[in-house]
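Trainee:
Number of protein chains: 2
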Amino acid sequence: MDLKADSLTKDSQPSNNTADMLKAIGHPVRWRIIRELAKRPRGCCGDMCDCFTLSQSTVSQHLSVLKSAGLIDVEQIGTKSSFSIRFDALKDLQVEISELLETARCNCDDG
Amino acid sequence: MDLKADSLTKDSQPSNNTADMLKAIGHPVRWRIIRELAKRPRGCCGDMCDCFTLSQSTVSQHLSVLKSAGLIDVEQIGTKSSFSIRFDALKDLQVEISELLETARCNCDDG
DNA sequence: TGACTTTATCGGTATTTACCGATAAAGCGC
DNA sequence: GCGCTTTATCGGTAAATACCGATAAAGTCA
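Sequences listed follow chains A and B, in order. All residue numbers in the first sequence are consecutive under my numbering, ending with 111. All residue numbers in the second sequence are consecutive under my numbering, ending with 222.
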């Protein structure tokens, strides 16, 4: 990321993983994966592969990114990896955005 | 992005800019900038520079990314560029996340 | 006009990301 | 055990990103 180590030190708030989560779903493929997963209780890597023309390894890596960001859970079932949405994370994200919007409303020019 | 041109063609929905917006705020510096801008009616590049130890050019470029994603507006005032939050965009983002969460709730194992 | 302020853009570099094919690992069913 | 399915990981490459300093552009103000 080539981000200077102290470039955020002026931030009074402790670092959180909101930006990480946003970054994770801020890719068209991963955003799509999340929406596909939201449509069903769970889905395996193969299911997600069916949604794209990408290689299996690429899809697997995208799932891994979502996992690392804490947005999905994995459960091993036989040879399959069963992925599912993590509500807490999604909820946190929703709250963050809502709070941001509310803050902006309070401080905008007209009110 | 090195994304195969047709990798999303199976997506029934037309492309939207949600992923672009998420990607834009999915960087710690830009996420911080957005939150800083939300705190005030408007802010110029110099104001944002004060929040970081990054160079002016770098901050300017981050602002440019946010602008391109449609998350902020710019108004020229003298030599200064006055940036402000775009509510519509933020609201769209909030709705998208909320809908995602709702979809997930409806389709989860215990729902 | 000339010095100053403010911001955008350019050129360059280092790092990260996104993708692929190949292969390894691990469970399933015969 | 053996072949099959499924997924993760490795090695490699191309592209995008993040940063910087230098400089240009454009308004302000004396």
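Think of the CB as a built atom: it goes at the ideal place given N, C-alpha and C, for glycine as much as any other residue.
Run through chain B and tell me which residues come within less than 7 Å of A:C45, C-beta to C-beta.
Mentor: The contacting residues do not exist; A:C45 stays about 16 Å from chain B at best.
Trainee: Thinking just about the alpha-carbon of each residue, which of A:I25, A:R30, A:K39, A:I72 is nearest to the one in B:E213?
Mentor: Taking only the C-alpha atoms, the option nearest B:E213 is A:K39.
Trainee: What residues of chain B sit near A:A89, judged by a beta carbon separation below 8 Å?
Mentor: Correct list: empty, because the minimum Cβ distance to chain B is about 10 Å.
Trainee: Would you grab the beta carbon distance between A:Q94 and B:I145 for me? Rounded to a whole angstrom, and I think it's under 8 Å.
Mentor: That belief does not hold up - the Cβ atoms of A:Q94 and B:I145 are roughly 16 Å apart, past 8 Å.
Trainee: Using a C-beta cutoff of 8 Å, does B:I136 count as contacting chain A?
Mentor: Yes, because at least one Cβ of chain A sits closer than 8 Å to the Cβ of B:I136.
Trainee: Between A:S82 and A:R42, is the Cβ-Cβ spacing less than 8 Å?
Mentor: Their beta carbons are under 8 Å apart, which means A:S82 touches A:R42 by this criterion.
Trainee: Tell me the DSSP secondary structure of B:H199 in three-state form.
Mentor: What sits at residue 199 of chain B in the sequence shown is Asp, not His. If DSSP states are grouped into helix, strand and coil, B:D199 belongs with the helices.
Trainee: Since B:M132 and B:E147 are thought to touch, with beta carbons under 8 Å apart, how far apart are those beta carbons, to the nearest angstrom?
Mentor: Between B:E147 and B:M132 the Cβ distance is about 17 Å, and since that is not below 8 Å, they are no contact.
Trainee: Counting only Cβ-Cβ distances shorter than 8 Å, please list the residues of the stretch 176-209 of chain B near chain A, keeping chain order.
Mentor: Those residues of the stretch 176-209 of chain B that come within reach of chain A (Cβ to Cβ, closer than 8 Å) are S195, I196, F198, L201, K202, L204, Q205, I208, S209.
Trainee: Since A:C51 and A:R30 should fall inside the 8 Å C-beta cutoff, what is the C-beta to C-beta distance between them, to a whole number of angstroms?
Mentor: Incorrect: roughly 12 Å between the Cβ atoms, too far for contact.
Trainee: Which same chain residues end up closer than 7 Å to B:V170 when comparing Cβ atoms and leaving out the 5 residues on each side of it in sequence?
Mentor: Taken in chain order, the residues that qualify are C156, M159, C160, F163.
Trainee: Terminal residues of the continuous beta strand (DSSP E) containing A:D73?
Mentor: A:D73 -> beta strand (DSSP E) spans 72-77.
Trainee: Taking the continuous alpha helix (DSSP H) assigned at B:K178, which residues delimit it?
Mentor: Run containing B:K178: 167-179, per the alpha helix (DSSP H) assignment.
Trainee: Residues in the same chain with beta-carbon distance under 7 Å from A:V65, minus the five sequence neighbours each way, listed in chain order, please.
Mentor: For A:V65, where only same-chain residues beyond five positions count, the Cβ hits under 7 Å are A24, R30.
Trainee: State buried or exposed for B:G189, treating a residue as buried only when at least 16 other CB atoms are found within 10 Å of its CB.
Mentor: Exposed, since its Cβ has fewer than 16 Cβ neighbours within 10 Å.
Trainee: Note down the Cα distance separating B:Q187 from A:I72, rounded to an integer number of angstroms.
Mentor: Their backbone Cα atoms lie some 43 Å apart in a straight line.
Trainee: So for B:K121, helix, strand or coil by DSSP?
Mentor: Residue placement at B:K121 is poorly supported in this model, since its pLDDT is 45, which falls under 50; the coordinates are not used for a value here.
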